[in-house]
Structure formats: structure tokens, C-alpha cells
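Since the structure comes first, as C-alpha cells, the remarks are kept for the end.
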Amino acid sequence: MRTAFRSCVAATVSAALLAGCSGPLVRSAITSNIVQEDAHNAYLVLNIARAHERMPMHFTQVNAVRASPGGGGLGTPIVGLDIPFGGAAAPYYALRPTLESASAVDTVSLVSQEFMNGLTTPVDARLMTYFASQGWPLPILLYMFVGAVETYDSHGNLLHNLVNSPRNETFPAFGALVDVVAGCRLVLSESTSHEFFGEPFPAERLADVGVITTAKNAGLVPVEVDAEGRQLAAEPGTRKAGAPRYYRLAQVTREAGVKLDSYGSGKSGIAGAADCAIDGNAVQAAVADAPADAPAALSADSGTASAAGPAEPPVADTLKQIGKALSTLSISVGGPGDKRRPQDKPADPKTPAPRAAAGPDIAEARLVLRSTQSMMYYLGELSRYQNATDATRIEPVAMRIGRHRQAYLFRMQCCQPAPGAAVAVNYRDKHFSVPPYAESAGTGREDRSVQTLALLSLVYTLQNRSAAPPAVSNVRVLNR
Numbered sequence: 003m004r005t006a007f008r009s010c011v012a013a014t015v016s017a018a019l020l021a022g023c024s025g026p027l028v029r030s031a032i033t034s035n036i037v038q039e040d041a042h043n044a045y046l047v048l049n050i051a052r053a054h055e056r057m058p059m060h061f062t063q064v065n066a067v068r069a070s071p072g073g074g075g076l077g078t079p080i081v082g083l084d085i086p087f088g089g090a091a092a093p094y095y096a097l098r099p100t101l102e103s104a105s106a107v108d109t110v111s112l113v114s115q116e117f118m119n120g121l122t123t124p125v126d127a128r129l130m131t132y133f134a135s136q137g138w139p140l141p142i143l144l145y146m147f148v149g150a151v152e153t154y155d156s157h158g159n160l161l162h163n164l165v166n167s168p169r170n171e172t173f174p175a176f177g178a179l180v181d182v183v184a185g186c187r188l189v190l191s192e193s194t195s196h197e198f199f200g201e202p203f204p205a206e207r208l209a210d211v212g213v214i215t216t217a218k219n220a221g222l223v224p225v226e227v228d229a230e231g232r233q234l235a236a237e238p239g240t241r242k243a244g245a246p247r248y249y250r251l252a253q254v255t256r257e258a259g260v261k262l263d264s265y266g267s268g269k270s271g272i273a274g275a276a277d278c279a280i281d282g283n284a285v286q287a288a289v290a291d292a293p294a295d296a297p298a299a300l301s302a303d304s305g306t307a308s309a310a311g312p313a314e315p316p317v318a319d320t321l322k323q324i325g326k327a328l329s330t331l332s333i334s335v336g337g338p339g340d341k342r343r344p345q346d347k348p349a350d351p352k353t354p355a356p357r358a359a360a361g362p363d364i365a366e367a368r369l370v371l372r373s374t375q376s377m378m379y380y381l382g383e384l385s386r387y388q389n390a391t392d393a394t395r396i397e398p399v400a401m402r403i404g405r406h407r408q409a410y411l412f413r414m415q416c417c418q419p420a421p422g423a424a425v426a427v428n429y430r431d432k433h434f435s436v437p438p439y440a441e442s443a444g445t446g447r448e449d450r451s452v453q454t455l456a457l458l459s460l461v462y463t464l465q466n467r468s469a470a471p472p473a474v475s476n477v478r479v480l481n482r
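Residue 89 in this note's numbering sits at position 87 of the sequence shown; the count goes up by one each step and never skips.
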């Protein structure tokens, strides 16, 4: 009877201990998650600080956080239970609290070629439009994803090249253009191009298994053409009924582009939201906010006009021209070194197309997209210029959010501690801090610095092609 009683008491005490452990285990799980958050945010800001200092970047990943069940990070608490056994044992029970081992964070250095390929590859246009569809403000997406905006005439001549970099003279023009199109909706626009090989052949040859197998092994597909080998137009009625059908082998390339569109029938339906209307009011507001040196940067072929040449169009006219082109044309995208695919055959460079007094019409617009690493360098560059103490200093980038709201894109203070910072790191005897999401005192502008960091964190994880899993779990989007 006495042994059964002791066993019953021991089971009761053990059950009570297990029930009481749920709270510490929950706190431990939360602590682990917060450790990951703090570490990942600090890693991002640390590499931005390295870009600020023009130092090489290094990437580390948190693989595991082994926090204590108590959540205190001092170790794993163990409770020992002394149970009396035998006739000479003292008739009482004793609990002995002890501490076992210490918590640890496992990290790994990301240096693989696969990871670096993902980090340095320009982001896909599908990813940018995905974030736009999820409600991310278009100005933040344009500043972070786009390295430059290029426009071309119908002969393939470059008209405008607005570079999104504070060290470039066209940076004020890029910012003014972002404000002009801030009320637009970014949507995906995909196009297909064909590169033909060989001569056209009659449709009867498609029944030959050898022809189809050879084409498939070469990555080619049969495309219907006319008797001369030209691709048929997509409109119905191009091929006459009963006429012989011809095909030609081609390599098909599908490219993702973007379009700037209005919300619905030109109205967003949301109180206070702006629409994609490139009107005089939006242009004049952008010009009024642009720095004094913006006019020269906004002129077509800036700096190439001679004194005897035609007068350059006013800033407002140029902004309106580019803005309307972006809101009406299908915009091609690509990386800095990608080969541009012009819509029309370029003219001979020795005989450029004549230019009218008001400037040629824009026939093509192109966005040069950044890589994830380039985004980090860009934020470091902004920080360097914003914290400069000489004539190169610039004010934090301000952007239009909606119809009446203004916001800062990114601010990072250097080089003294700032109270209340959302993220802060020390690097090379300097203190770098990013303020929390709030309205900047005395400016009437929201501070979107941490929102910009959140976007960078998502892009970094989605572009991570390393074999190891990312440091922070995010919803993955298939962007290829």
C-alpha cells in the first residue's frame, strides 16, 4: 500500500510539473523568434552600414536558436525530484532546481556561388508587380527596384536616361518622375518574341516524328509563317481559307514587362487616393518639389544641345511627356547589362533621325532593375550622402504617398547613438541607427525607413538561392 501511494504521489507531482512547463516553453519559443528578428534586422543594417563606408559586404544566416525553456537565455532549468524509497527513507519529497547548459545561436557564413548568383541577379518584374498587387506603395517599389528609367524614339535613339542614384545629376529628375506617377497601378505585361531558324516547310512535315524530335531536342518549336517565312499576324483572317500552311522552327522567348495603369476606369474608388492621371497639377507639384538643378537633368539628351540649337522643352513638358509614355506604353525591363530588345529596327547610328523643335516622340520606355545587393548599396549610398558634412550632402528622399501624404524613403543616422531607434548596429567605431515608423518631428512627413527595410528583407529572402534555408521564414513567390 505504501509503495502504491508513493507511486501515485510521484505521478501526480510529475503531471503538475509538466503542466507548469507550458508557460516557460511558450516564452522560450517567443524569445527564439525575437532573437531571429533582431539578428536578421541587424544583419541588414550592418551591410547597409558597410555600403555607407564603401566596405565589402558579408552575409550570415541564423540556422537555429536554442533558447532555454524559461526564456531567459541562461540555460535549461532542470527540476530534480527526490522520492523516498525503502523502509529507512525519510517520509518527505524534495525538489532540486538545477541549470543545464547554455542557450546558443547557430549561424553560417553565406559564401557559395549559388547564393551570390541569387544576390547579384536583377530581380524579376513579376516580383515587383507581386508586391504592388499586395498594396506596397508604388514610390517605394520604384525607388528600391528601379536603377534607371530609359526612353527611346522609334529609331532606337536614347532620349532620356534618369538614373536613381544620388551621385548622378538626373537623380532629382527621377524623384520628380516618381511623384508624377505615384498614383498609378503597376501591372504585369508579358511579351513573346521569336528567333527563327531554317527555311519554312509545309504543314505536312509536322507528321514526321523525326522533325518534331529534332526540334524538341534543340529547344525549338514550330511556328506558323507565310510562304516567305514571315510570322503571321495575330489578327484573324491573316491566312486565307484553303491556302497552304507553312511552319518554321523558332526559339520562343517570353519576357516580363510592366505597365502603369489606372485603378478601374480611371478612378481608384478610395477616398484620398490618387489616380494615374498625368495631368498638369501632378506635374507642376513634382516640379515645385524638385531641386533647382532638376531642369537640366530633365531635358532630353541633357547637356548635348548647342547654344545655336533649338531650345530644350520646359521641365514640366518633359516630365509630362515621360509620365504619359510610362502610363500608355508597355514598359520593358532588364538588368544593367542586359541587351535591349527594341520594338523597331534601330536606325543606322551614322544617320540619326532628325529631331523636331519640340523633341521626338517617345516610342519605348525601359526600366533597368536592380539586384538585391544593389538595393543594399543604394540604401548605403543614400545614408552616405544624407550624413555628409560637405557640399555633397542631400536631404532624405521624400516621396508622395497617395494624394496628400509625404513620406521619407529611408533615413539612417550616423554616427552617434540615437534613442528610440528601431534597429541599431555598431560598425568601425561608428553607430548606425534606423528610426521607427512614425511621423518625423516638425516635418509633417511619415518615416517609412523600417517599411523599406521590411521590403528589402522579403526581396533578400526570395532571391536567396543558397542551398541552406533562409534565416527568416517568408511566403515564397514563384517568380520565374
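Just so it is clear, CB atoms sit at the ideal spot from N, CA and C, and this is done for glycine as well.
- When the beta-carbon positions are compared, Leu-161 and Ile-333 stay at least 8 Å from each other.
- In this structure, Arg-187 sits away from Asp-108, with a CB-CB distance that is not shorter than 8 Å.
- Distances from the CA of Val-335 to each of Ser-191, Val-180, Glu-116 were compared; the closest alpha carbon is that of Ser-191.
- Residue pairing from DSSP places Ala-150 in a beta bridge opposite Val-165, Val-370.
- In this structure Met-377 is buried. Its beta-carbon is surrounded by 16 or more other beta-carbon atoms within 10 angstroms.
- Three or more Cβ pairs closer than 8 Å define a contact, and the stretch 167-187 meets that threshold against the stretch 139-157.
- Of the residues assessed, Thr-131 falls on the buried side of the cut-off, its CB having 16 or more other CB atoms within 10 angstroms.
- In this structure, the CA atom of Gln-115 is about 43 Å from the CA atom of Leu-208.
- For Phe-412, there is no enclosing beta strand (DSSP E), as DSSP gives it neither H nor E.
- By the neighbour-count criterion, in which a residue is buried when 16 or more other Cβ atoms sit within 10 angstroms of its Cβ, Ser-193 is exposed.
- Under the three-state reduction of DSSP output, His-42 falls in the helix class.
- Met-414 and Ala-426 have their C-alpha atoms roughly 9 Å apart.
- As DSSP reads the structure, Phe-199 sits in a beta bridge with Leu-251.
- Gln-63 has Val-110 as its beta-bridge partners, per DSSP.
- The residue from Thr-320, Pro-437, Leu-27, Val-125 with its alpha-carbon nearest to that of Leu-369 is Val-125.
- Spanning the alpha carbons of Leu-455 and Thr-320 requires a straight line of approximately 32 Å.
- Within the DSSP bridge table, the entry for Met-401 names Ala-409 as partners.
- Beta-bridge analysis with DSSP links Lys-322 to no other residue.
- Secondary structure at Pro-124: strand, using DSSP grouped into helix, strand and coil.
- By the neighbour-count criterion, in which a residue is buried when 16 or more other Cβ atoms sit within 10 angstroms of its Cβ, His-406 is exposed.
- Apart from the 5 residues on each side of it in sequence, Asn-389 sits with its Cβ closer than 8 Å to the Cβ of His-54, Arg-395, Met-414, Gln-415, Cys-416, Cys-417 in its chain, given in chain order.
- Burial is judged here by how many other beta carbons sit within 10 angstroms of a residue's own beta carbon; Thr-172 has at least 16 and is buried.
- Around the CB of Phe-199, fewer than 16 other CB atoms lie within 10 Å, so the residue is classed as exposed.
- Rounded to whole angstroms, the Cβ separation of Val-436 and Val-47 is 6 Å, and the two are in contact under 8 Å.
- Under DSSP, the beta-bridge partners assigned to Pro-224 are Leu-251.
- Contact check for Ala-409 against Glu-383 fails: the beta carbons are separated by 8 Å or more.
- When DSSP states are grouped into helix, strand and coil, Asp-210 belongs to the coil group.
- Under DSSP, Ile-364 shares a beta bridge with no residue.
- In terms of CA proximity to Ala-245, Asp-228 leads the group Asp-210, Gln-233, Asp-228.
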